[in-house]
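Beneath this line is the structure, given in structure tokens, with notes to follow.
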Ligand SMILES: Cc1ncc(COP(=O)(O)O)c(C=O)c1O
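In the numbering used here, the protein residues as written are 524 to 902.
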């Protein structure tokens, strides 16, 4: 019996220690954790530089509130904006959902009416408004179904027809590489349509980089794989070094949409999370991005022997044959010392740390294939 709400199916183990890519349970068993806190731990568990920065900050203070400036907030915000190559400002949040909420507030402060476009399988969060633009009917419909939100499929003709016919579009939300939705990449033709119709329809373009940002795909922001110029960028997950922190980056004309009192948060940005975030950002440079791209290729070369490999850089999914997927449960991997996340469409998602090595990938691959062999020999 647990008093914790049953909204997740938890692994039947108790983790007592974590380091790098590994965790250990209370019986001393070691596992490789491919969740990385659902993409939060960009440099693995307990990365010394990050943890040290947090500890040092805690010696100064744990929390102040937004009425006082914080040096780390300035440094983190400046870097996040500069990586877009444009001018802007950051509103800090505690989570991805809150970052989506912030973006929606910017949209509605700027455009009181008009359709909000999202895509099927976009994931933007679980609070009521962020859920309202999340393209998973099973998660959304029992709670919220807003008439002004439209979900388009990744179908070029459907998207073109919609953008041609609908004159009143306030905003378009994109997640260029679906994280929870199965690692589909936005088709280049749809990007071209968005770029073509943006000045015609005058909509606000929001790139959700909560999961794909901060180097995860081999570029600082995943939208930079495309010729895209979002007005708002949402972030969370890795930016707090493991502690809750997110951000809504408001660029160019949108930098000053919010004025004093328009938005706020008691907790965000937490100073300790900001110190962690500053340390994380200090580790993300051209060399690291090159490493991510390189390791992504190694991952792909190993796992493509087993099925379809999706994604970019170190945001990866492996889709096995349907027959194999049906037989697999997370417990099978657990028995081989591997913690994996089986997400929608039977895709197994890997969010390995950005500093992963070839040897690490080989160990993951070895345990993964050992699981598949064990499962197929038991049938
Ligand atoms: C792309 C994307 N946006 C938003 C969110 C919501 O973030 P949070 O769970 O921090 O609210 C997530 C969470 O997985 C996500 O992957």
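All C-beta atoms in this analysis are idealised placements derived from N, C-alpha and C, irrespective of residue type, glycine included.
Can you determine whether any heavy atom of ligand 1 sits closer than 7 Å to the C-beta of residue i, and answer yes or no?
{"i": "residue 713", "result": "no"}
{"i": "residue 647", "result": "yes"}
{"i": "residue 698", "result": "yes"}
{"i": "residue 619", "result": "yes"}
{"i": "residue 703", "result": "yes"}
{"i": "residue 734", "result": "yes"}
{"i": "residue 639", "result": "no"}
{"i": "residue 623", "result": "yes"}
{"i": "residue 762", "result": "no"}
{"i": "residue 759", "result": "yes"}
{"i": "residue 866", "result": "no"}
{"i": "residue 561", "result": "yes"}
Give the C-beta separation of residue i and residue j to the nearest angstrom, bearing in mind that I take them to be a contact with Cβ-Cβ under 8 Å.
{"i": "residue 659", "j": "residue 646", "result": "7 Å"}
{"i": "residue 839", "j": "residue 819", "result": "7 Å"}
{"i": "residue 763", "j": "residue 800", "result": "5 Å"}
{"i": "residue 649", "j": "residue 620", "result": "6 Å"}
{"i": "residue 740", "j": "residue 811", "result": "Not a contact, Cβ separation roughly 12 Å."}
{"i": "residue 804", "j": "residue 609", "result": "Incorrect: roughly 18 Å between the Cβ atoms, too far for contact."}
{"i": "residue 732", "j": "residue 757", "result": "6 Å"}
{"i": "residue 794", "j": "residue 595", "result": "7 Å"}
{"i": "residue 636", "j": "residue 693", "result": "7 Å"}
{"i": "residue 738", "j": "residue 815", "result": "6 Å"}
{"i": "residue 558", "j": "residue 837", "result": "Between residue 837 and residue 558 the Cβ distance is about 13 Å, and since that is not below 8 Å, they are no contact."}
{"i": "residue 699", "j": "residue 706", "result": "So it is not a contact: roughly 11 Å between Cβ atoms."}
What I want to know is whether the C-beta of residue i ends up closer than 7 Å to one or more non-hydrogen atoms of ligand 2.
{"i": "residue 731", "result": "Ligands in the displayed structure: ligand 1; ligand 2 is not one of them."}
Comparing C-alpha positions only, which one of the options sits nearest to residue i?
{"i": "residue 877", "options": "789, 734, 785", "result": "734"}
{"i": "residue 553", "options": "539, 830, 563", "result": "539"}
{"i": "residue 534", "options": "863, 869, 813, 867", "result": "863"}
{"i": "residue 868", "options": "556, 704, 687, 572", "result": "704"}
{"i": "residue 798", "options": "851, 765, 529, 822", "result": "765"}
{"i": "residue 755", "options": "586, 595, 630", "result": "630"}
{"i": "residue 543", "options": "571, 714, 637", "result": "571"}
{"i": "residue 870", "options": "575, 860, 831", "result": "831"}
{"i": "residue 592", "options": "792, 829, 723", "result": "792"}
{"i": "residue 624", "options": "558, 576, 814, 785", "result": "785"}
{"i": "residue 850", "options": "901, 525, 826, 873", "result": "901"}
{"i": "residue 632", "options": "829, 777, 885, 821", "result": "777"}
{"i": "residue 866", "options": "790, 841, 884, 586", "result": "841"}
{"i": "residue 861", "options": "536, 689, 668, 751", "result": "536"}
{"i": "residue 678", "options": "713, 708, 525, 618", "result": "713"}
{"i": "residue 759", "options": "668, 700, 618", "result": "618"}
{"i": "residue 883", "options": "802, 822, 551, 723", "result": "822"}
{"i": "residue 687", "options": "699, 723, 827, 708", "result": "723"}
{"i": "residue 859", "options": "524, 532, 527, 556", "result": "556"}
{"i": "residue 790", "options": "590, 657, 541, 527", "result": "590"}
{"i": "residue 808", "options": "605, 527, 529", "result": "605"}
{"i": "residue 829", "options": "749, 588, 893", "result": "893"}
{"i": "residue 826", "options": "697, 796, 885", "result": "885"}
{"i": "residue 691", "options": "749, 881, 634, 532", "result": "634"}
### Task
Give a yes or no on contact between the stretch 625–641 and the stretch 666–675, applying the rule of three or more CB pairs nearer than 8 Å.
yes
### Task
Please determine if the stretch 840–858 and the stretch 537–548 are in contact, where contact requires at least 3 C-beta pairs separated by less than 8 Å.
no
### Query
Is it a yes or a no for the stretch 766–779 touching the stretch 593–607, going by three-plus beta-carbon pairs under 8 Å?
yes
### Task
Evaluate contact between the stretch 649–658 and the stretch 681–688, counting only Cβ atoms and requiring at least three cross-stretch pairs below 8 Å.
no
### Query
Pairing CB atoms from the stretch 601–617 with CB atoms from the stretch 779–796, are three or more of them under 8 Å?
yes
### Given 8 Å, three or more beta-carbon pairs between the stretch 712–722 and the stretch 556–567
no
### Task
Taking 8 Å as the threshold, find out whether the stretch 841–851 comes into contact with the stretch 743–753 through three or more Cβ pairs.
no
### Validate contact between the stretch 889–901 and the stretch 723–740 using beta carbons, cut 8 Å, 3 pairs
no
### Contact the stretch 577–594 vs the stretch 892–899: 3+ CB pairs below 8 Å
They do not touch, by the three-pair rule.
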